[in-house]
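K.L.:
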Amino acid sequence: MIADGLIYVMDDHGLLTIAEATTEAYKPLATAAVIPDGHDSWGPMALVAGRLIVRDMTKMVCLDVSKEGSGE
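Residue numbers (numbering that gives the first Met the number 0): 0 to 71.
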């Protein structure tokens, strides 16, 4: 998913990567295992008001990806 100039990518095992959306280069900003032991974590994501909702076949997680939630 691309939103607010960032790319959000989730692999099948629950690893989330956030990268800059640029035409020059792939610039990863953060990676985190957000669904430990995830299984088929490729479902659609939703982003509203700085909250990212991701899921796998058995779990759903809401993450604060706003600047305020990042500690910056």
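Ideal Cβ placement from N, Cα and C applies to all residues, glycine included.
Which runs of the beta strand (DSSP E) at least 3 residues long sit entirely within the segment 36 to 71? Give them in chain order.
P.N.:
45 to 47, 50 to 54 and 59 to 63
K.L.:
Let's test the definition: count the other Cβ atoms within 10 Å of the Cβ of residue 7 and tell me whether it reaches 16, buried, or not, exposed.
P.N.:
buried
K.L.:
What does the Cβ neighbour count give for residue 28, buried or exposed, with the cut at 16 atoms within 10 Å?
P.N.:
exposed
K.L.:
Which residue marks the beginning of the beta strand (DSSP E) containing residue 32, and which one marks its end?
P.N.:
26 to 32
K.L.:
Which of the three DSSP states, helix, strand or coil, is assigned to residue 16?
P.N.:
strand
K.L.:
Where do the ends of the beta strand (DSSP E) carrying residue 108 lie?
P.N.:
It is not possible to answer for residue 108, since the shown part of the chain is limited to 0 through 71.
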